[in-house]
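For reference, the structure discussed in these notes is given below.
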Amino acid sequence: MARYTGPTTRISRRFGTYILGSAKVFERRNYPPGQHGPKSRRKMSEYALGLGEKQKLRFIYGLLERQFRRVFAIAKKERGVTGERFLQLLETRLDSVVYLLGFAKSRAQARQLVNHGHCRVNGRKVDIASYNVVAGDEIEIKPINSSRQMATRAIEENRARVIPGWLARNDEALKGSVTRLPTRDEMDPSINEQLIVEFYSRF
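Using the numbering used here, the first residue of the sequence shown is number 736, and each one after it goes up by one.
In structure tokens form, the structure reads like this:
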């Protein structure tokens with residue numbers, strides 16, 4: 736599957752928040768990339784704001800435009816607030832849940848864990864990163880040394896990260912469970928999903 740392979744810290748600088756690359760990206764250059772350096776940028780149009788918000792969210796979850804648009808189309812057809820449901824579908828992807836449970840250091844690493852067959856859902860191997868979990872599902876790291884070592888190392892490195900309230904983790908068994916779907920205040924507060932909804936409504 737294709738994925739973004741370009742400069743990573745540049746993406747974080749572009750959107751003014753840590754997304755990819757080193758977490759220390761803003762220590763030396765706390766301004767957007769480009770040949771004009773820290774000079775102020777001109778006022779952005781509504782279209783540009785929506786495009787930027789869409790691109791930021793797409794990079795956070797590591798999706799290509801076609802995949803991203805497909806998730807939005809599903810959210811639009813379902814009941815409820817489209818923007819919130821869209822975020823729920825992204826947040827409950829298996830690779831995202833593996834990351835949020837602390838079994839991986841990043842969503843990219845979590846996707847690799849899933850794609851390489853290191854994860855199980857309700858006792859069955861699932862190697863599809865876009866698989867959406869639901870309330871009651873149990874996610875487990877495959878009980879072999881290589882899988883458990885990677886997950887254990889990630890948990891140790893991620894001790895400072897808080898597990899969302901809609902998830903629960905058993906460190907010893909390397910298992911996690913989905914107690915319910917996430918609410919809007921439990922998802923990324925830096926995202927303005929309404930701008931994305933308005934952006935896609937133009938097409």
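All C-beta atoms, glycine included, are put in the ideal place defined by N, C-alpha and C.
- Per the Cβ contact rule, the region 881-899 is not in contact with the region 775-789 (fewer than 3 Cβ pairs under 8 Å).
- Nearest neighbour of S881 by Cα position, chosen from R904, V861, A864 and L909, turns out to be L909.
- Distance between G818 and K860, taken at the CA atoms: about 31 Å.
- V869 and L916 have their C-alpha atoms roughly 7 Å apart.
- The C-alpha of R894 is placed about 33 Å away from the C-alpha of E800.
- Restricting attention to alpha helix (DSSP H) runs no shorter than 4 residues, the region 834-919 encloses them at 842-850 and 880-892, ordered along the chain.
- Apart from the 5 residues on each side of it in sequence, Y866 sits with its Cβ closer than 6 Å to the Cβ of L829 in its chain, given in chain order.
- Under the DSSP assignment, G785 falls in the alpha helix (DSSP H) whose first and last residues are E781 to Y796.
- Note on S831: 16 or more other CB atoms within 10 angstroms of its CB, so buried under the neighbour-count rule.
- Residue range E928 to Y935 is occupied by the alpha helix (DSSP H) that includes E933.
- About 13 Å separates the beta carbon of L902 from that of T918, a gap too long to meet the 8 Å contact definition.
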